[in-house]
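To keep things clear, I will list the structure first and then write my remarks on it.
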Ligand SMILES: [Zn+2]
Ligand SMILES: [Zn+2]
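Residue numbers (the UniProt record's numbering): 1 to 339.
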């Protein structure tokens with residue numbers, strides 16, 4: 001098969017012929033029809049996940065495609081099925097999985113991190129019976145791949161972890177893929193969304209996704225406090241930095257809820273904990289979404305309430321994927337790769 005591969009962290013990203021994967025007894029091999037380009041791939045390439053990623057490596061974790069082959073223990077799937085997967089593939093046997101919390105599985109395997117990912121013709125997925133999600137015919141591979149990480153993560157962050165309610169003010173820091181998804185999901189839930197970014201084009205897309213106010217990051221959090229009449233009920237750091245996490249917390253009204261969605265790398269992050277204490281703020285983390293939670297989200301996509309396809313701003317081939325990964329952030333919105 002062809003795959004985008006790198007031999008060292010931060011090194012060249014080339015398309016090469018590599019051996020086809022074969023499924024584990026509990027696993028499946030998927031023929032990739034679409035795979036999204038995500039900031040997490042960029043972090044992986046830079047070696048921020050070097051504790052779990054070995055070299056050489058193939059990135060890619062937001063995918064949809066067709067089951068090519070299944071292992072001997074797989075019961076629920078056969079070749080030919082249209083599927084997608086949550087980027088956190090769960091083990092099915094740890095304490096978290098037993099509680100239905102597969103998104104924080106203790107023995108999770110993430111394609112593109114723990115093993116070779118989906119910037120390739122084929123990708124192997126573990127524990128197929130648990131992790132594959134059936135894709136309705138009406139939902140395209142591109143749309144499905146675009147929900148695999150960022151949209152599903154935003155869906156859980158806004159609706160389940162953030163507990164958004166109609167009429168609430170929601171601030172979203174960072175309007176890349178996950179932030180734009182959060183804007184769309186919060187607006188669809190009836191919230192009033194304030195989008196914050198440094199990039200005017202990203203803010204324009206946030207407006208299209210349903211944000212009622214667009215704020216330059218240089219004016220936040222003060223401008224957010226003003227626009228929301230005393231602070232947002234819910235605020236998300238969808239970028240992942242000490243500055244945006246702190247600004248998100250400082251954008252909340254009393255008893256507000258901050259959800260950390262963007263990946264924070266490096267050591268511990270300093271946050272305004274004095275404000276957290278005196279205003280009784282909640283600080284929450286959100287990490288992906290379990291396969292069993294997908295049908296509710298897919299129904300909203302089928303109904304047209306949520307339109308993740310509208311966040312896709314360009315579609316490229318495998319040959320262009322390496323360059324796009326290295327230059328991540330230069331093109332606002334979601335980039336889709338079709339091998
Ligand atoms: Zn991702
Ligand atoms: Zn588990």
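Just so you know, even glycine gets a beta-carbon here, dropped at the ideal spot from N, CA and C.
Every value quoted in this text rests on a predicted model; they were computed, and no experiment measured them.
{"query": "Range of the contiguous alpha helix (DSSP H) that encloses residue 320", "result": "318 to 326"}
{"query": "Close beta carbons around residue 193, own chain, < 7 Å, minus the five adjacent residues each side", "result": "170, 172, 183, 186, 187, 210, 211, 212"}
{"query": "Proximity test, residue 89 beta-carbon vs ligand 2 heavy atom, cut-off 7 Å", "result": "no"}
{"query": "Distance between beta carbons of residue 120 and residue 2, contact taken as under 8 Å", "result": "7 Å"}
{"query": "Proximity to residue 19 [Cα-Cα], best of 29, 279, 286, 35", "result": "29"}
{"query": "Residue 32 at chain C interface by Cβ criterion, 8 Å", "result": "No chain C is part of this structure, which consists of one protein chain only."}
{"query": "C-alpha gap between residue 235 and residue 180, whole angstroms", "result": "13 Å"}
{"query": "Pick from 154, 91, 321, 49 that is closest to residue 113, judged by C-alpha positions", "result": "49"}
{"query": "Straight-line Cα distance separating residue 163 from residue 348", "result": "The question about residue 348 has no answer, for the chain in this structure spans 1 to 339."}
{"query": "Residue 138 Cβ short of 7 Å to ligand 2 heavy atom set", "result": "no"}
{"query": "Distance between residue 167 and residue 274 (C-alpha atoms, nearest Å)", "result": "28 Å"}
{"query": "CA nearest to the CA of residue 35, picked from 108, 146, 295, 323", "result": "146"}
{"query": "Distance, residue 240 Cα to residue 261 Cα", "result": "7 Å"}
{"query": "Integer Cβ distance of residue 77 from residue 37, believed to fall under 8 Å", "result": "Their Cβ separation, rounded to whole angstroms, is 26 Å, which puts residue 77 and residue 37 out of contact at 8 Å."}
{"query": "At least 3 beta-carbon pairs within less than 8 Å: the region 123 to 132 vs the region 146 to 155", "result": "no"}
{"query": "Test item: CB-CB of residue 116 and residue 57 under 8 Å", "result": "yes"}
{"query": "Residue ranges of each alpha helix (DSSP H) within the region 23 to 98, 4 or longer", "result": "39 to 45, 95 to 98"}
{"query": "Which listed residue (118, 281, 309, 110) has its alpha carbon closest to that of residue 4", "result": "118"}
{"query": "Own chain residues within Cβ distance below 6 Å of residue 322, not counting five before or after", "result": "4, 13"}
{"query": "Reduced DSSP secondary structure (H/G/I, E/B, other) of residue 139", "result": "coil"}
{"query": "Check your reading: residues with Cβ closer than 5 Å to ligand 1 heavy atoms", "result": "38, 40, 149"}
{"query": "Three or more C-beta pairs below 8 Å linking the region 93 to 113 and the region 284 to 293", "result": "yes"}
{"query": "Cβ-heavy atom distance, residue 69 to ligand 2, below 7 Å", "result": "no"}
{"query": "Opening and closing residue of the beta strand (DSSP E) in which residue 253 lies", "result": "252 to 260"}
{"query": "Own chain, CB closer than 8 Å to residue 137, minus 5 neighbours either side, in chain order", "result": "82"}
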